[in-house]
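The numbering of the sequence shown is the numbering used here, which starts it at 91 and goes up by one.
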Amino acid sequence: MLVTVLGAGGLAAAARTGMFAERPDGCVKPDRSIQLYAVELPKDGTQVRLGYGLTPETASYPGPLMEMMEGECLAITVHNLVPEATLAALRTNPSHPLGVSLHVHGVKYTQDSDGTVQSGSYVPPGGTRTYTWYAQPRNTKTGAQGTAGYWWYHDHVVGGPHGTQGLAAGLFGGLVVRRPGDPKPDRSYTVVFGNQQSINLRRGEATDTCAEVNPQPGPTCLVARMGERIELVVVGIGNDMHTFHLHGHSWADTRTGVVSNGQPFADSVPIIDTKVLGPAQSFGVNVVAGESVGPGHWMLHCHMQFHSDAGMSTMLHVLDENGNMPPGMDHLHAAAAAPAAAAAPVTDDAAHQHN
Ligand SMILES: [Cu+2]
Numbered sequence: 091m092l093v094t095v096l097g098a099g100g101l102a103a104a105a106r107t108g109m110f111a112e113r114p115d116g117c118v119k120p121d122r123s124i125q126l127y128a129v130e131l132p133k134d135g136t137q138v139r140l141g142y143g144l145t146p147e148t149a150s151y152p153g154p155l156m157e158m159m160e161g162e163c164l165a166i167t168v169h170n171l172v173p174e175a176t177l178a179a180l181r182t183n184p185s186h187p188l189g190v191s192l193h194v195h196g197v198k199y200t201q202d203s204d205g206t207v208q209s210g211s212y213v214p215p216g217g218t219r220t221y222t223w224y225a226q227p228r229n230t231k232t233g234a235q236g237t238a239g240y241w242w243y244h245d246h247v248v249g250g251p252h253g254t255q256g257l258a259a260g261l262f263g264g265l266v267v268r269r270p271g272d273p274k275p276d277r278s279y280t281v282v283f284g285n286q287q288s289i290n291l292r293r294g295e296a297t298d299t300c301a302e303v304n305p306q307p308g309p310t311c312l313v314a315r316m317g318e319r320i321e322l323v324v325v326g327i328g329n330d331m332h333t334f335h336l337h338g339h340s341w342a343d344t345r346t347g348v349v350s351n352g353q354p355f356a357d358s359v360p361i362i363d364t365k366v367l368g369p370a371q372s373f374g375v376n377v378v379a380g381e382s383v384g385p386g387h388w389m390l391h392c393h394m395q396f397h398s399d400a401g402m403s404t405m406l407h408v409l410d411e412n413g414n415m416p417p418g419m420d421h422l423h424a425a426a427a428a429p430a431a432a433a434a435p436v437t438d439d440a441a442h443q444h445n
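This is the structure:
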């Protein structure tokens with residue numbers, strides 16, 4: 091075996107010299123290439139924030155939603171624009187190397203694209219590295235189950251060997267792999283439940299910045315028009331269990347969040363409006379906005395009561411057919427629910443574990 095021949099230290103050397111396969115079997119060459127920038131964003135209070143973006147200017151937390159079709163092979167070139175001093179300040183051990191990475195769940199990748207220090211697959215400050223993801227399709231002959239589903243990606247290097255500080259700062263995003271015939275949403279949002287009762291690293295009022303007139307969709311503005319098919323990519327990060335709940339809507343507990351009446355197993359699929367979410371788990375919610383219930387401010391929150399009471403609550407705003415916000419857009423959810431802590435930034439884990 092390669093690893094035993096190389097011995098200690100050989101693994102990193104192998105990565106440096108390109109001894110690992112660049113791509114998984116089945117990916118002959120990338121079908122598509124994208125650029126992804128890791129940048130430092132304005133601080134949230136005193137809290138350092140990092141984000142991924144398809145351009146440096148559009149970086150955010152969560153990062154851009156990645157979409158793939160089964161069978162597709164994607165090359166993602168990560169540019170590390172995070173200042174070296176910022177990475178050094180987040181480091182928990184002075185011997186840990188400085189860098190950011192891209193580690194993905196669900197799809198196939200080789201050691202070369204693992205996004206870890208141990209495999210040498212990270213990006214030093216100012217550097218670039220290309221990661222290859224393969225959305226392997228089903229293959230009944232080989233037993234391959236396929237990779238279609240709702241997944242996520244994140245840093246695995248900032249601060250320490252598991253990227254705990256990178257995650258806490260905002261280096262994460264959603265991934266959806268579709269299979270031909272899957273429902274195609276009109277609009278998708280990534281909703282990340284995390285430490286300190288946070289949704290997308292925010293609590294209470296900070297989770298929802300939608301304007302009453304012409305609201306712009308984004309990480310802090312979940313907005314839809316009546317009748318649009320809305321997809322939520324729900325991801326758990328951090329250390330806590332949560333229960334995702336959306337008011338007024340329900341979905342099928344399937345791979346896609348949808349089940350068609352004609353399918354023989356349709357009656358055996360639970361229809362749910364709440365789902366338990368542990369760290370690193372992810373699932374998809376597919377709903378038709380306002381279907382049978384109309385436009386309105388539909389609460390989306392963790393149903394562990396002490397989490398929602400602490401500000402782990404936001405809104406899916408369903409506008410009418412003309413795009414108008416229904417009355418009552420007064421952020422009552424935040425004002426009513428959030429104690430003082432909800433206004434404070436969601437802080438670095440290492441410093442504030444026992445908030
Ligand atoms: Cu919770």
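For glycine and all other residues, C-beta sits at the position ideal for the given N, C-alpha and C.
In the three-state DSSP reduction, P146 falls in the helix class (H, G or I). With 16 or more other CB atoms across the displayed protein chains lying within 10 angstroms of its CB, E162 is buried. The beta carbon of V378 is closer than 6 angstroms to those of R319 in its chain, skipping five residues each way along the sequence.
Collapsing the DSSP output to three states places D134 in a strand. Sorting M394, L409 and M156 by C-alpha distance to the C-alpha of R122 places M156 at the top. If you look at H332, you'll find it in the beta strand (DSSP E) that goes H332 to L336. Short of 6 angstroms from the beta carbon of G380, and not among the five residues preceding or following it, lie these beta carbons of its own chain, in chain order: M316 and V408. Distance from the CA atom of G284 to the CA atom of P417, rounded to whole angstroms, is 30 angstroms. By the beta-carbon neighbour count (other beta carbons within 10 angstroms, threshold 16), V349 is buried. Minimum Cα-Cα distance from G253 among the listed residues T404, G338 and G328 corresponds to G328.
With the rule of 3 Cβ pairs closer than 8 angstroms, the segment 287 to 294 counts as touching the segment 392 to 408. Of the heavy atoms belonging to ligand 1, at least one sits nearer than 7 angstroms to the Cβ of M402. Taking all protein chains shown into account, S185 has fewer than 16 neighbouring C-beta atoms within 10 Å of its C-beta and is therefore exposed.
Within the segment 244 to 327, the complete alpha helix (DSSP H) segments of 4 residues or longer fall at 254 to 259, listed in chain order. Contact check between the segment 168 to 182 and the segment 122 to 135: three or more CB pairs, one atom from each, fall below 8 angstroms, which counts as touching. For H391, no alpha helix (DSSP H) segment is defined; the enclosing uninterrupted segment is the beta strand (DSSP E) at G386 to C392.
F373 counts as buried, since at least 16 other C-beta atoms from the protein chains shown sit within 10 angstroms of its C-beta. A Cβ-Cβ contact shorter than 8 angstroms links L406 with L312. A check of alpha carbon separations from S340 across P369, V375 and P114 identifies V375 as the nearest.
In the DSSP assignment, H193 forms a beta bridge with H244.
DSSP places L171 outside both helix and strand once states are collapsed to three, so it counts as coil.
Per DSSP, the unbroken beta strand (DSSP E) holding H407 starts and ends at S403 to L409. Secondary structure at Q201: helix, using DSSP grouped into helix, strand and coil. In the assembly as shown, S203 is a buried residue. Its beta-carbon has 16 or more other beta-carbons within 10 Å. Relative to ligand 1, the nearest heavy atom lies less than 7 angstroms away from the CB of F283.
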